[in-house]
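Protein chains in written order, with my numbering: chain Y, 411 to 521; chain V, 411 to 521; chain X, 411 to 521; chain C, 411 to 521.
4 protein chains.
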Amino acid sequence: MSHEQFKQCIEECLRCMQECNHCYDACLNEDNVQMMRDCIRLDRECADICAFAAQAMSRNSQFAKEICALCATICEACGNECNKHAAQSDHCKRCAEACFACAEACRRMAG
Amino acid sequence: MSHEQFKQCIEECLRCMQECNHCYDACLNEDNVQMMRDCIRLDRECADICAFAAQAMSRNSQFAKEICALCATICEACGNECNKHAAQSDHCKRCAEACFACAEACRRMAG
Amino acid sequence: MSHEQFKQCIEECLRCMQECNHCYDACLNEDNVQMMRDCIRLDRECADICAFAAQAMSRNSQFAKEICALCATICEACGNECNKHAAQSDHCKRCAEACFACAEACRRMAG
Amino acid sequence: MSHEQFKQCIEECLRCMQECNHCYDACLNEDNVQMMRDCIRLDRECADICAFAAQAMSRNSQFAKEICALCATICEACGNECNKHAAQSDHCKRCAEACFACAEACRRMAG
């Protein structure tokens, strides 16, 4: 598969990485940081696998499909957690959207 | 400094990361791989620090400036190496351009 | 699962990461670098997933098992490639051993 | 500089990476997570640069000194933060010790 074919999935991973890191930072600044523990953890998990997947795809890794399958799983979990806080926190809302879009793009890559 | 203020520098880092990884992959496919050894090494160095810097900026790291200063140094070195092959290889030409643009954006962040 | 329970698998991942990076560096210095292309690629793939898995386990990631399953797959592939050069290159021999040991530890974690 | 010469500094970075990730996980489980915000942030910063430095040294990066200089700065900051909680939390005490040992090893590498 070519660099170009990976392009859209890479874009989703990099957008998701940024939203997860932004959400992580914002959650750590919340008054009610207790409530955001799982969100903080999952934001880091998700940002890290998204960065990893984007690097792998852009170097044309032979394991891109397997890595994207794992990325989809973690994005889905992070999106579900962020969604619980979406009504209260705009950063969680935007993060959940980016996670679900990335999960879908990764599933297509993996499939 | 806010997420938004980092935005342009993050974009340059992520573009440079992708071009470096693409160039790394293409160099490893070249007939004359001997000649591309330094390019392969520097592409990996540069892709890795660019990904690191983008992650750091997007989580609002207190060390973003120091990380961007280091990123600028490595981008400059990678751009100089890729530039030697720019006449023969389109991937090196595009990589060099992305490296120099990223080096400049990182110097502004660091400064 | 506790930090302690992950300890042996983390150790194998970190040893494998180091051997893969050492092998990558040595392969890029070989006279016959053409012959080492796949080894160079797989060394990087393997070093990166091993570092990723070690980070994930040491932060008690809820995805440690899935990440270790992927790590085992990549270690196995890298070990197989390095094994082809084990008679000629001591760095490939040591890398293959570290890869197979890590693959086994990761499979135990994943299972 | 050879793989062997980097050996001790790599060991300190990998030990520090593990303690920082362990401390990050433990801080997120503390009743008083509010008080540990800065520790959580710095643990991640420090774990990530330590992993990055260990990877760079083990691939014989030409930027190992600059990367270790940055790593020393971040380890020092993380050690200082963890030290504030060392009397109450064993994970912070052990993390601070690993950070200061790593900072010293990295300064020697950089110098």
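Backbone N, C-alpha and C define an ideal beta-carbon position, used for all residues, glycine too.
Computed from a prediction, not measured in an experiment: that's the story for all the values here.
Pairwise C-beta distances place the stretch 511-518 of chain C in contact with the stretch 477-486 of chain C, as three or more of them are shorter than 8 Å. Collapsing the DSSP output to three states places His432 (chain V) in a helix. For chain V, none of the residues of the stretch 472-490 of chain Y brings a beta carbon within less than 7 Å of one of its beta carbons. Within chain X, the residues placing a beta-carbon under 7 Å from that of Ile420 (chain C) are Gln428, ordered along the chain. Nearest CB-CB separation between Ser499 (chain X) and chain C: not below the 8 Å threshold. When rounded, the separation of the alpha-carbon atoms in Cys430 (chain X) and Ala457 (chain X) is 5 Å. With a beta-carbon spacing of about 5 Å, Leu424 (chain Y) and Leu424 (chain V) fall inside the 8 Å limit used to define contacts. For the set V:Cys485, V:Ala508, V:Val443 and V:Met519, the Cα lying nearest the Cα of Ile459 (chain V) is the one of V:Cys485.
Neighbours of Asp435 (chain C) in chain X, taken as residues whose beta carbon is under 7 Å from its own, are Arg469 and Asn470 in chain order. Met427 (chain V) and Ser468 (chain Y) do touch by the CB rule: their CB atoms are close to 7 Å apart, below 8 Å. The beta carbon of Ala466 (chain Y) sits closer than 6 Å to the beta carbons of Ala474 and Ile477 from its chain, once the five residues preceding and following it are set aside; these are given in chain order. The DSSP-derived three-state label of Asn470 (chain X) is coil. Distance between Ala496 (chain V) and Gln444 (chain V), taken at the CA atoms: about 16 Å. Flagged as an interface residue toward chain V: Gln465 (chain Y), by a C-beta distance shorter than 8 Å.
The three-state secondary structure of Asp458 (chain Y), taken from DSSP, is helix.
Here Arg518 (chain C) is exposed, its C-beta having fewer than 16 other C-beta atoms within 10 Å. Here Asn439 (chain Y) is exposed, its C-beta having fewer than 16 other C-beta atoms within 10 Å. Among the CB atoms of chain X, one or more fall inside 8 Å of the CB of Leu438 (chain V). What Ala457 (chain V) touches in chain Y, judged by beta-carbon distance under 7 Å, is Gln465, going in chain order. Between Arg518 (chain X) and chain V, the shortest Cβ-Cβ separation is not below 8 Å. The shortest CA-to-CA distance from Arg454 (chain Y) to any of Y:Gly521, Y:Ala487 and Y:Ser471 is the one to Y:Ala487. Phe462 (chain X) belongs to the set of residues whose beta carbon lies under 8 Å from a beta carbon in chain Y. In this structure, DSSP gives Phe416 (chain X) a state outside helix and strand, which the three-state scheme calls coil. Our two residues, Gly489 (chain V) and Tyr434 (chain X), have alpha carbons roughly 22 Å apart in a direct line. Among the residues of chain Y, those whose CB is under 7 Å from the CB of Asn431 (chain V) are Gln465, Ser468 and Arg469, following chain order. When the Cα atoms are used, Arg504 (chain X) and Cys449 (chain X) turn out to be separated by approximately 13 Å. When the five nearest sequence neighbours on each side are left out, the beta carbons in the same chain lying within less than 6 Å of the beta carbon of Phe416 (chain X) are those of Met467, in order along the chain.
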